[in-house]
Amino acid sequence: MGKFERIIYRAGRTLLIKEKAKRVRVKGEKRMPKMTLTTEKVWEYNLRLAIFGLTLLLNTNFRPGDWSIKLTFEKELPIEEVKAARDKCMRKLRDLCKKENITLKWILVPHVAGKKYHFHLICNQEVPYALIKKAWTSGHAIEKSRLWDNPNYYQLAFYLMHEARELRDLKAESEEEIPFTKRYSSSRNLIKPIGDKEELTRCDIEAEPKPRKGYIIDGEVQRYENLINGMPCREYIQVSVEEVSRYRKSSRVTMATGERMPFAKLLRKAYEESEAYRGIQENLFDSLNI
């Protein structure tokens, strides 16, 4: 009988939950025969992983009010110049923020409409819009919208990653390689939580999922089969209905670079920054009293 596991990722005020068959090897057991997987199935599976990974980064590192900006080109450019413009912009934006003593966190997603490229930039709101416009000199920096109040940004990740289909189609039709080997790129200071694992039975994974106390299930429960063994899998997201999330188990995170950092240390730093900001506000209000 197959064993199952639940992996819980604490990302901001959300819990990203993945339930799947547990990989167990029994001594002396023969390997499963090799399966021939179609390129389409593999691509769709990798797309699912990319959406999950991008949602994890967005929910953990960004909040309502952060920037969602479209970086366009004034004219159609060859792919070498598109890549050079991207690198130049992020270098300049990083230097401008460093000069102003501003922490910069970003995610950049490439897209193509017809044969004309553009980029979607997700950036923290502490970075002034004027700096972003100053850094992007190849066209226009268009503010699409701010990130919404719901702390679950799955729909944004879904939209950004499905635009990768056009890049894939362009690559299939063209003999030249496109410059984007990754679906998205990000700054090295983004936090990536490490999941907590729990044992499950098949009955657990086939029953309807129940939200934890203080949470609701946001969106659909996505069910699919493992490409190799055909076992049932599912993913869903729970959102805290309280300002302070109840789930406290997770204490490990990694940076985008892969470096591990204790979650408690990050929380303490965020708390100290919020206390300092609150002190500034109180002093400001005291000075306004007549």
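0 is the number of the first residue of the sequence shown in numbering that gives the first Met the number 0; add one for each residue after it.
Virtual Cβ for every residue (Gly too), placed ideally from N, Cα, C.
Bear in mind that the values here come from a model prediction, so they are computed numbers and not experimental data.
Check, Outcome
"Classify L146 as helix, strand or coil using the three-state DSSP reduction.", "coil"
"Do the CB positions of I121 and W135 come within less than 8 Å of each other?", "no"
"For Y44, tell me which candidate among L76, L226 and E207 has the shortest Cα-Cα distance.", "L226"
"When you compare each of V126, P127 and V108 to F118 by their alpha carbons, which one comes out closest?", "V108"
"Can you give me the Cβ contacts of F157 inside the same chain, cut-off strictly under 6 Å, excluding the 5 residues immediately before and after it?", "I50"
"Verify whether the separation of the beta carbon atoms of L76 and I131 is less than 8 Å.", "no"
"If you run the structure through DSSP and keep just helix, strand and coil, what is K17?", "strand"
"Report the rounded CA-to-CA distance for Y246 versus D148, giving the unit in angstroms.", "20 Å"
"In whole angstroms, what is the alpha-carbon distance linking L56 and I190?", "7 Å"
"Assign Y276 to one of two classes, buried (16 or more other C-beta atoms within 10 Å of its C-beta) or exposed (fewer than that).", "Reliability of the predicted coordinates at Y276 is poor, the pLDDT of 47 falling under 50, and no value is obtained from them."
"Using alpha carbons as the reference points, say which of I215, C202 and K212 lies closest to F3.", "C202"
"In three-state terms, what does DSSP make of R85?", "helix"
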